[in-house]
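So the sequence shown is numbered by full-length UniProt numbering: it starts at 1 and just counts up by one.
The beta-carbon is built from N, C-alpha and C at its ideal position, and this holds for glycine as well.
Note that the structure is a prediction, hence the values are computed from the model and not measured.
The block underneath contains the structure these notes are about, expressed in C-alpha cells.
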Amino acid sequence: MLPSKKSFLATLVALTLAGCNSGSTDSGNDTQKPDEPNIPEAQAELTIGLLPDTQADGIKVAEHPMRAVLDKHLEQGVNIVIPVGDLTDKGTTTEWESWVGIAREYKAQGMEFLPLMGNHEDSFAYTTEWIDYMKEFIPEDAVHMPKREWLNYYVIRKNTLIIPLAYWNLPIAFPWIKEVVAEHRNNIDHVVIASHDGLVGAKYGETRELIVEGTEGGYRDDKLHSQWDQIRDFFYENDVVWVQGHEHLYQRSVIKAPVGTETQSWTPTGGNYRLPQYTQIVSGNASYKGYEFRYGERELVQNVIQMKMGTYNEGHDSYAYDVNAAQLAIKGDRIDYTAFSAPHTVKHNDDGAKELVDPEWVLMDKFSRTNNRCEKIIYANSLPEDMRPVLEYTASYRTNECVADDGSRVRVLAGENNTFNRVDSTQRTLSWTEGYSKAQSQNELMRMAYQFLFQKHASWTPNLNGDERIYPNEENENVTVRATTIDMKKLLSLSWSEASKETASDIAIISGTQNQSGIYQNAYGGEKDIQTEQGMPGSQPDGSAKAPHPLPSYATADWDLLKQSSDPYAFQFEVAPGVDFDKHQLAWKKGWGEWQTITSDECVFEGRFEDEYLDTPPNRVPGCHAEPLVGKDAAENNFWVVLHGDAEIALIK
C-alpha cells in the first residue's frame, strides 16, 4: 500500500515555499524569513520518482542508498520509479538478484518500476540477463521500439507519456520518439524522457562524446550530429522533461533550442511564450562513488539552475557522498518538482547503513510550472556592468506581462538577484585522433567545441565563465578546457492555472526565486565561502577571477530551502477587464491550501509601486509594519505586493 493521503500531504509541505515575510515584510532586511510553505489542494494524480545509479562492488548493488531513496519515494507518494541505468556494476547474477530482491519489496507496496539500461548494462553480453530480470518490472502494456524491444519503450500513465531509453540510444530512437509523441500528442499534457546519459549532461553528455570528440563515420556519432538541432527543437516544442543518471552528481539545467531571438513575453497575437529550451535533470547518486564537475557549464547551449555533489574526497574537502531522491508530482497540466539530498559515509554494504538508517533529507531544489507560462533566465549579480546590455544578460527579476485565460495580467516589477550559488569545475582535455575523429586538426576541434558547447568570447557575445574558455594545448595538439567558476542562474516562471472555487480569478504561480542561498562548492563538492573566496583564475569575462560576493542578511548559505527566503521582489496583478476592482483583494495560498488575503484592508497602501519600496517602504497606518507590503493602484487597475519567495497569487472577493 502507498502511504495515506494525510502522510503524503505532510511531506508535501516542502513543495512550494511561499517565502513571504512573517516578520516585517516592508523591506528585505534582517526580519525577513520564510513563511509557511503551501501545498497542492489535493494529492497529485501521478508522482514519478527517480532512482539514480545503484552500482557498487560487482557482487551486490548499493543496497543502503537504494533503500533510502525508495523509502523517501514512498513517503512522497511516488507511483512510478524510473531507475535511470547502471543498476549494476558488472552485470553479475548476484548483482541482479540483489537489485531485484529490493525492488520486489517496493513493488509489493504499489510502486511501478520503469528500468532502463546504463553503460554498465549496455552490452549484448548482458541483454539476456537484462530481459530475464527486468521483464517482471517493465509493464505488460509497454509499447516497445521495433528492433529495440526491452531497451526502448514507452507507457502512458494518466496524462503523461514516459519514454525510457537505453544508454546512448537517443540518436537511434529519435525518429521513433517523434512518431510516438505525434501519435499521442492530443491526449497527453506532459512528455518525460528518461535515459542514462543526456544530450549535454553535466560532466559527460552525448554532444561532447559523439560529436565534438566523435568518430568520423560512426553510426551513433553521425546520427546525433545530423539530428542535433532537430532534437533540441523538438524537445523545446514538446516541453520535454529529460531525466538521467550516469553522472553521480545532481544538476538541473535548461538546454537551449536552436533558434534566434524569440519573443520572451506575451504578445497580442501570440499569447504567452516559454523560452526556447527544455529541462534536463541529472538525478544524482545512490551508489558508493561520486564524481567531480568536469568541463563546467556548456554555456553556448546550457544554463545551470541548481547543482550539488558529494564525492567523499577528503583531499578536496568533501566529507560524504550524497544520496538523492527527486520527484515529479503531476496534476493536470501542472508539475511540482522536488529534489531531496542527504549526506552519508557508507562505502560498502558491509559498513552498515550508518547515516542512511535515518537520512537527514533536505529539500535542495524545486519548481512548479504549468503548460501556460512565461519564463525568464535571471543571471547572478556578479555580471560586469558593461556586459549587462548584451544578449539576455540581466540580474533583474523584472519581466513583461504574462496573461491568463481570464484576462488577468501579472508581471514582476523589480528585484535584483543578489542571492545565488556558485560552483567550480576542473580542467579537462578534448582530444582528437588523425584519420579517426570527426575533428581532423586542433583548429577543427576548437571550432567544434565552440560550435556545440562553449560560448566563444567577444564583446558582443561575452562568455560569463571566462574570456578564454578553451585554448590550444601546444604540447600535445589537443584542446584544454579551463577550470572555471560558474554562477548559477535562476529560471523564473510565471504560470497560470484555472481559478479554484475559493478564488475570483485564475491563479498565478511564481516559481524559481528561492532555489539558491549563497552556497559555493568546489568541483568535488567541498564547501567554499562565496563572501571571502574568489573564483578560479580567468573565470570572469575580462580574464580576472570572479570576486567574492557579499551576501544579503537573509541568505542562509544552506542547502535546506525551507530555511531560505528569496531576494525581495515586487509582483503586480492587473485585474481582468470587466472585474470590479474595488470588490476584490489580493490573496495567496498558505499552509494547507487555504486562500488568505495577503494583508488586512487597512494596511493596503494606496498608490503605484516605486522601486525604492523594496528597501524603504512607504508610510502606512500605525501597526502595519509587521504585515506584508501590498499596494493598490486604482488608476491602473492593479494590485502589487513585495514578496520574499515563490508564491501562488489570485484575487478573492
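In the DSSP assignment, Gln-230 falls within the alpha helix (DSSP H) that extends over 219 to 237. For the segment 35 to 100, the continuous beta strand (DSSP E) assignments of 3+ residues that do not extend past its boundaries occur at 46 to 51, 80 to 83, in sequence order. Residue pairing by DSSP puts Val-241 in a beta bridge opposite Val-192, Thr-279. Note: Tyr-204 is not bridge-paired with any residue in the DSSP secondary-structure output.
Scanning its chain for C-beta atoms nearer than 8 Å, with the 5 sequence neighbours on each side dropped, one finds around Gln-534 the residues Ala-545, Lys-546, Ala-547, Pro-548, in chain order. Here Val-357 carries a helix assignment [DSSP, helix/strand/coil]. Within the model, the alpha-carbon separation for Trp-96 versus Glu-375 is close to 43 Å. In this structure, Gly-85 is the residue among Tyr-106, Gly-85, Ala-458, Asn-285 with its C-alpha nearest to the C-alpha of Asn-119.
Separation of Thr-461 and Gln-585 (C-alpha to C-alpha, rounded to the nearest whole angstrom) is 45 Å. Cβ neighbours of Gly-407 within its own chain (closer than 6 Å, five residues either side excluded): Ala-576, Pro-577. DSSP links Arg-369 through a beta bridge to Ile-335. A Cβ-Cβ contact shorter than 9 Å links Gln-440 with Glu-216. Counting along the chain, Lys-308 sits inside the beta strand (DSSP E) bounded by residues 302 to 308. DSSP places Ile-172 in the uninterrupted alpha helix (DSSP H) bounded by 170 to 184. Between Thr-160 and Val-191, the gap from beta carbon to beta carbon is short of 9 Å. Here the C-alpha atom of Thr-484 lies approximately 42 Å from the C-alpha atom of Met-111. Listed as beta-bridge partners of Leu-445 by DSSP are no residues whatsoever. Residue Leu-445 holds the alpha-carbon nearest to the alpha-carbon of Asn-473 among Lys-489, Asn-152, Asp-487, Leu-445. Taking 9 Å as the cut-off, the beta carbon of Ile-507 is found no closer than this to the beta carbon of Val-243. Counting other Cβ atoms within 10 Å of its Cβ, Gly-352 stays below 16 and is therefore classed as exposed. A distance below 7 Å between beta-carbons, with the five flanking residues on each side excluded, links Trp-99 to the following residues of its chain, in chain order: Thr-54, Val-61, Leu-87, Thr-88.
Going by beta carbons, Ile-177 and Val-254 fall outside the 9 Å limit. Rounded to the nearest whole angstrom, the C-alpha separation of Val-78 and Gln-327 is 7 Å. For Gln-564 and Asp-365, the gap between their C-alpha atoms comes out near 12 Å. For Pro-628 against Ala-286, the beta-carbon gap comes to about 41 Å, at or over 8 Å, which does not count as contact.
Here Pro-52 is buried, its C-beta having at least 16 other C-beta atoms within 10 Å. Using a Cβ distance threshold of 9 Å, Asn-421 and Met-307 count as a contacting pair. One alpha carbon belongs to Ile-102, the other to Ala-56, and they sit about 14 Å apart. For the options Ile-188, Val-604, Trp-496, Thr-128, the alpha carbon positioned closest to that of His-625 is the one of Val-604. DSSP places Gly-315 in the helix class (H, G or I) of the three-state scheme.
Take Lys-135, set aside five residues on each side of it, and the residues of its chain with a beta-carbon closer than 8 Å to its own are Trp-150, in chain order. Judged by their CB atoms, Ala-587 and Asp-424 are not nearer to each other than the 9 Å cut-off. With contact defined as three or more Cβ pairs closer than 8 Å, the segment 554 to 573 and the segment 638 to 645 are in contact. Gln-540 is the residue among Gln-540, Gly-415, Asn-371 whose C-alpha sits nearest the C-alpha of Ser-459. The C-alpha of Lys-256 lies about 7 Å from the C-alpha of Tyr-278. Closest option to Phe-367, judged by alpha-carbon separation, among Gln-521, Leu-74, Glu-648, Lys-653: Glu-648.
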